[in-house]
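One structure is given below, encoded as structure tokens.
Residue numbers (our numbering): 118 to 623.
Put into structure tokens, the structure is as follows:
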């Protein structure tokens, strides 16, 4: 079952997954309205969807044209459907006014409340806060009705598994449960009533799984994500108030967004393509010149947005690891192309010199340990070698010797990339690279490397002191998962295994 879920999740982008879940929630709400489980009719919900989606699309087009920014249609739909789920569906003219202004303000916030093109607030949350100030009241969060809970929980868990934000999700939920319980007991309330309301009659899981985890307003490091979850978990509780001023879910998120912005990288880069280099039969290196300098760690990744005509179902955003080292003047991406590439990759491949692309959301903990004496072992599958190219090039430029063994797996010899960097590292620091080919039918008699796939026998032979090393694994989801299981079967602890991860579909 888990393998089937992962198979599905690995073939869909994060944005498309969230969009599908929101559509499922809207349909669930309409069915609940038809059968009388919620006080809103399917017609009123449907009218709200048409109204909000239409206004969001039009206003976003206008703002993007004014600010000369690329349009991400999926992001617009996601914000629009969230607004429908947290505001009162249309029942009178005042509801229409609130929905119209919330729609406009949510789109405006993506451009106005942005510093150096980086968002500060969750668009839906800040829109509801502003409309509440202007027109009174607050979000209804009708998505929290009990009948919606099963779909909300399933959807939230799928998103959390997809984007690997369990730390944030559980920090928020546990904080809300524990702090709320203590406050209920302190005030002599019924703890069972509190649990029933919080877990089954509130927007807790929708807030945690769909709104809190929005990538653009989430801290990149685990430590800050946990703090972010704790802050919002406390502020989310209806018992929290200061002199009669009570917080709301949307206000809790907006206040949490401020903390997230303060501790997150501020860069949103406008990069010009300098050149394209065919590094192998299937891999192209894209070399970009940053308009301004920015700092990053070897092994980190960014989200890349490329506006293009007629984007397919995978959208116009991707996550790519930086193959370049922070010591280099340019930013390098290593991208693998297939016969049936996405519209994004086709447009990327078609970029000409001086064309621009946007990079943001610098993140990732797949970085070198601070202790230079720590022995390391890298396992790379195909284009998963890019973070290791970044790390090793960094060590070369810094003249920093470390004990590293790289096991580099490819199907065929002509898929190998960055061999010049790895061979240079061998000359300088004796960093050893073991090249392994898995397509046995295409291996020539001249091949001097290893053959086969990752096995415990191969690891034991090539990395005899494996129990002393910290392992880094980067490649396809299947390859990373398989290698992790092999290493654990060899007696290594989870703390000795680092898995490369970036959300979305590459």
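Glycine included, C-beta positions come from ideal geometry on N, C-alpha and C.
Buried versus exposed call for residue i [16 or more other C-beta atoms within 10 Å across all chains shown]
i, result
"residue 504", "buried"
"residue 610", "exposed"
"residue 435", "buried"
"residue 539", "buried"
"residue 227", "buried"
"residue 456", "exposed"
"residue 182", "exposed"
"residue 564", "exposed"
"residue 581", "exposed"
"residue 498", "buried"
"residue 506", "buried"
"residue 282", "buried"
"residue 120", "exposed"
"residue 532", "buried"
"residue 430", "exposed"
"residue 602", "exposed"
"residue 622", "With a pLDDT of 43 at residue 622, under the threshold of 50, the modelled position of that residue is not reliable, and the figure given next carries that caveat. Looking at its Cβ environment, which holds 16 or more other Cβ atoms inside 10 Å, residue 622 is buried."
"residue 160", "exposed"
"residue 253", "exposed"
"residue 413", "buried"
"residue 118", "exposed"
"residue 320", "buried"
"residue 171", "exposed"
"residue 162", "buried"
"residue 415", "buried"
Residue from the options with nearest C-alpha to residue i
i, options, result
"residue 512", "550, 545, 495 and 182", "545"
"residue 517", "500, 579, 489 and 133", "489"
"residue 285", "247, 365, 314 and 345", "345"
"residue 135", "383, 496, 432 and 589", "432"
"residue 558", "550, 595, 552 and 568", "568"
"residue 439", "551, 450 and 323", "450"
"residue 255", "466, 202 and 548", "202"
"residue 342", "148, 171, 602 and 374", "374"
"residue 300", "320, 326, 276 and 357", "357"
"residue 591", "581, 583 and 618", "618"
"residue 470", "251, 404, 479 and 295", "404"
"residue 401", "407, 390 and 413", "390"
"residue 422", "472, 347, 246 and 399", "472"
"residue 294", "159, 329, 598 and 351", "351"
"residue 608", "616, 588 and 594", "588"
"residue 233", "437, 314, 475 and 454", "475"
"residue 523", "515, 543 and 514", "543"
"residue 452", "418, 305 and 445", "418"
"residue 164", "127, 205, 302 and 447", "205"
"residue 129", "594, 495 and 155", "594"
"residue 396", "537, 555, 311 and 258", "537"
"residue 184", "443, 231, 270 and 280", "231"
"residue 613", "393, 124, 486 and 501", "486"
"residue 157", "207, 171, 333 and 606", "207"
"residue 493", "584, 481 and 605", "584"
"residue 480", "270, 241, 420 and 426", "420"
Cβ separation of residue i and residue j, assumed to be a contact under 8 Å, to the nearest whole Å
i, j, result
"residue 248", "residue 318", "Actually they do not touch by this definition, with Cβ atoms about 24 Å apart."
"residue 173", "residue 224", "6 Å"
"residue 384", "residue 411", "5 Å"
"residue 484", "residue 525", "Not a contact, Cβ separation roughly 19 Å."
"residue 276", "residue 330", "6 Å"
"residue 146", "residue 265", "7 Å"
"residue 237", "residue 176", "Actually they do not touch by this definition, with Cβ atoms about 19 Å apart."
"residue 454", "residue 399", "6 Å"
Residue i (DSSP reduced to helix, strand or coil)
i, result
"residue 146", "helix"
"residue 153", "coil"
"residue 205", "coil"
"residue 506", "helix"
"residue 498", "strand"
"residue 177", "helix"
"residue 254", "coil"
"residue 452", "strand"
"residue 524", "strand"
"residue 231", "strand"
"residue 354", "coil"
"residue 121", "helix"
Any non-hydrogen atom of the ligand NAP within 7 Å of residue i CB
i, result
"residue 587", "No copy of the ligand NAP appears in this structure; indeed no ligand is present at all."
Proximity test, Cβ basis, 8 Å: residue i and chain C
i, result
"residue 187", "Among the chains in the structure shown there is no chain C, since it carries only a single protein chain."
(request) Go through the segment 360–447 residue by residue and report every complete run of the beta strand (DSSP E) that reaches 3 residues or more, in order. (result) 385–395, 400–407, 418–422 and 434–438
(request) Taking only runs that begin and end inside the segment 455–491, name each unbroken alpha helix (DSSP H) of 4 or more residues, in chain order. (result) 460–466
(request) Any chance you could list the alpha helix (DSSP H) runs of at least 4 consecutive residues sitting entirely within the segment 545–622, in chain order? (result) 573–579 and 594–606
(request) Please go through the segment 298–328 and give each complete beta strand (DSSP E) segment of 3 or more residues, from N-terminal end onward. (result) none
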